[in-house]
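What follows is a single structure, written as structure tokens, with notes after it.
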Amino acid sequence: MSTSEKIEWSDFMKVELRVGRIIAAEAFPEARKPAYKLQIDFGDEIGVRKSSAQITALYTPETLIGKQVVAVINFPEKQIGRFMSECLVTGFHDASGNVSLCAPEHEVPLGTRLL
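Sequential numbering from 15 applies to the sequence shown in the numbering used here.
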């Protein structure tokens, strides 16, 4: 059993985890750790958001285009160098410490909320 503090359902509902599609990915050489600048389309209601992601070990910009991902869209924007990150892309560290993106197994509509 986890030793994490228990939360209420209302706490979980405060986090807006939504599905988006990566529409642009490029190297982010100014970042302290290897990263990409991403543009993610969350559909008509939310629009396109930018994010920085340290996922260079397992992905290339070309393999990211068109991929659906899960991101937190209601964190405050975060300045990373000259880049303003507007959402947080989610993922898990593998056994080597590389980030594997959290993504739906099957295609879902853009903007769909994780519940």
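Note that CB positions come from ideal geometry on N, CA and C, so glycine has one too. Just so you know, these numbers come straight off a predicted model, no measurement behind them.
For residue j and residue i, the rounded distance between their alpha carbons
i, j, result
"Phe89", "Lys64", "12 Å"
"Ala117", "Leu78", "12 Å"
"Ile60", "Gly111", "31 Å"
"Ile37", "Cys101", "14 Å"
"Met98", "Glu44", "13 Å"
"Ala109", "Glu119", "21 Å"
"Tyr73", "Lys92", "23 Å"
"Thr17", "Trp23", "18 Å"
"Phe42", "Val62", "18 Å"
"Pro75", "Asp58", "24 Å"
"Ile21", "His107", "23 Å"
Nearest-angstrom beta carbon gap, residue j and residue i [assumed within contact, 8 Å]
i, j, result
"Arg127", "Leu31", "7 Å"
"Ala39", "Thr70", "Actually they do not touch by this definition, with Cβ atoms about 10 Å apart."
"Gly80", "Arg35", "6 Å"
"Asp55", "Leu124", "6 Å"
"Glu19", "Gln82", "That pair is no contact at about 31 Å."
Sheet register partners of residue i (DSSP bridge)
i, result
"Leu128", "According to DSSP, which records beta bridges pairwise, Leu128 is partnered with nothing at all."
"Tyr50", "Ala41, Ala67"
"Val83", "Gly34"
"Met98", "Gln93"
"Gly61", "According to DSSP, Gly61 bridges with nothing at all."
"Val113", "His107"
"Asp25", "Looking at the DSSP assignment, Asp25 forms no beta bridge with any residue, so it has no partner."
Contact under 7 Å by Cβ, residue i with residue j
i, j, result
"Val33", "Val84", "yes"
"Ala66", "Ile94", "The question names Ala, but residue 66 is Ser in the sequence shown. Yes."
"Gln68", "Lys51", "no"
Nearest residue (CA-CA) to residue i, options the options
i, options, result
"Thr103", "Asp58, Val29, Ile21, Glu19", "One point to set straight first is that residue 103 is Val, not Thr, in the sequence displayed. For the residues Asp58, Val29, Ile21, Glu19, the minimum Cα distance to Val103 belongs to Val29."
"Leu129", "Thr17, Ile21, Met27", "Met27"
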